[in-house]
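Student:
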Amino acid sequence: MARLTWFGHAAFLLEVGGKRIAFDPWIEGNPKCPISLDDFEGAHIYAVSHSHGDHGLNDAIKLSKEKGGVIVGIFELANYATERGAKAVGANIGGFFDVEGVEIALTEAIHSSDIGSPVGFLVRIGGKTFYHAGDTGLFAGMSLIGDLYSPEVSMLPIGGYYTMDPVQASLALKMLKSKVVAPMHWGTFPVLKGTPELLEEEIRKLGIKVRVLKLKPGEPVEI
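Last residue of the sequence shown: number 225 in this note's numbering, and the count goes up by one each step with no gaps.
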């Protein structure tokens, strides 16, 4: 069994197989996050999708230095973190590699970034595959991710404006073949109009069966 906690925006903590994996851990300044950086217990891995301020690179650097754990991201982003005293592993889009006993692969993401390219993450642990898409628009390569890995749980942006909206996210789920989705990157700012309810509506229109997690920031769910 895995436990997933959403901290608002794109920040998640995945706990499975004795490992704690934090995705885009934007804690300080996140209007939806119910805890402070001091309250966050830390993680074995901090998977940072890109360098925009709302995705937690600076928080991950601070957490790695003060509470341990390894930042994982695109090569240039990892170098940036290492230069600032954090422990980091840099890679590029491609196959799986091992970090702290967890298999991780970086995926394409259609977005922008000030440091290196934006990415998503595939994580294999505990007999399951998890996908955190990072900030991205819909892209055809999601079909390949679905064909190759069929991630059981996908964390997908749905807010629109900067990322996919519910219509596009529902199509992504069809391509990914996921059975569970954790919506993210919605509700943080007024321009992010997508909601989990709108995503559910679009999923019904497609006739696919996907469980939409109705997450509240700081409250873990078993998946």
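We treat Cβ as the ideally placed atom computed from N, Cα and C, and that holds for glycine. Computed from a prediction, not measured in an experiment: that's the story for all the values here.
To test your reading of the DSSP string, which unbroken alpha helix (DSSP H) runs of 4 or more residues are found completely within the segment 25–95?
Tutor: Listed in chain order, the complete alpha helix (DSSP H) runs (minimum 4 residues) inside the segment 25–95 are 59–69 and 77–85.
Student: If you run the structure through DSSP and keep just helix, strand and coil, what is VAL193?
Tutor: The count along the sequence shown starts at 1 and reaches residue 193 at position 191. Coil at VAL193, not helix or strand.
Student: What whole-angstrom Cβ distance do ALA227 and PHE25 have, given they're in contact under 8 Å?
Tutor: With the chain covering only 3 through 225, there is no way to say anything about residue 227.
Student: Between the C-alpha atoms of ILE63 and VAL212, what's the straight-line distance to the nearest angstrom?
Tutor: Taking the first residue of the sequence shown as 1, we reach residue 63 at position 61. Taking the first residue of the sequence shown as 1, we reach residue 212 at position 210. One C-alpha to the other measures close to 35 Å.
Student: Hey, could you find the ends of the beta strand (DSSP E) ILE106 is sitting in?
Tutor: Numbered from its first residue, the sequence shown carries residue 106 at position 104. Counting along the chain, the beta strand (DSSP E) containing ILE106 begins and ends at 104–110.
Student: Taking a contact to mean a Cβ-Cβ separation below 7 Å, would you say THR84 touches ALA90 in this structure?
Tutor: As a working mapping, residue 84 is identified with position 82 in the sequence shown. As a working mapping, residue 90 is identified with position 88 in the sequence shown. Contact flag set, yes.
Student: What residue from LEU124, MET3 and VAL193 has the CA that sits closest to TYR151's CA?
Tutor: Taking the sequence shown and counting its residues from 1, one reaches residue 151 at position 149. Among LEU124, MET3 and VAL193, the Cα nearest to that of TYR151 belongs to LEU124.
Student: What's the call for GLY87, buried or exposed, on a 16-neighbour Cβ count within 10 Å?
Tutor: On the sequence shown, residue 87 is found 85 positions in, with the first residue counted as 1. Exposed: under 16 other Cβ atoms inside 10 Å.
Student: When burial is assigned at 16 or more other CB atoms within 10 Å of the CB, is SER38 buried or exposed?
Tutor: In the sequence shown, residue 38 corresponds to position 36, counting from 1. When all chains shown are included, SER38 counts as exposed.
Student: Below 8 Å, can you find three or more Cβ-Cβ pairs linking the segment 136–151 to the segment 172–181?
Tutor: At 8 Å Cβ cutoff, the stretches touch.
Student: Just to confirm the assignment: which complete beta strand (DSSP E) runs, minimum length 3, are found wholly within the segment 169–218?
Tutor: Entirely contained in the segment 169–218, the beta strand (DSSP E) runs reaching 3 residues are, in chain order, 182–186.
Student: I need the boundaries of the alpha helix (DSSP H) containing TYR151, first residue and last residue.
Tutor: What you label residue 151 is simply residue 149 of the sequence shown in a count that begins at 1. Its alpha helix (DSSP H) spans residues 144–151.
Student: Quick one: what's MET157 bridged to in DSSP?
Tutor: Here the question's residue 157 lines up with position 155 in the sequence shown. Answer is HIS134 and ALA184, bridged to MET157.
Student: Do you know offhand how far TYR82's Cα is from SER114's?
Tutor: Sequence index remark: in the sequence shown, residue 82 carries index 80 (1-based). Sequence index remark: in the sequence shown, residue 114 carries index 112 (1-based). Looking at the two C-alpha atoms, the distance is approximately 17 Å.
Student: So what does GLU224 bridge to, in DSSP terms?
Tutor: Position 222 of the sequence shown, counting from 1, holds the residue named residue 224. DSSP output for GLU224 lists ARG5 as bridge partner(s).
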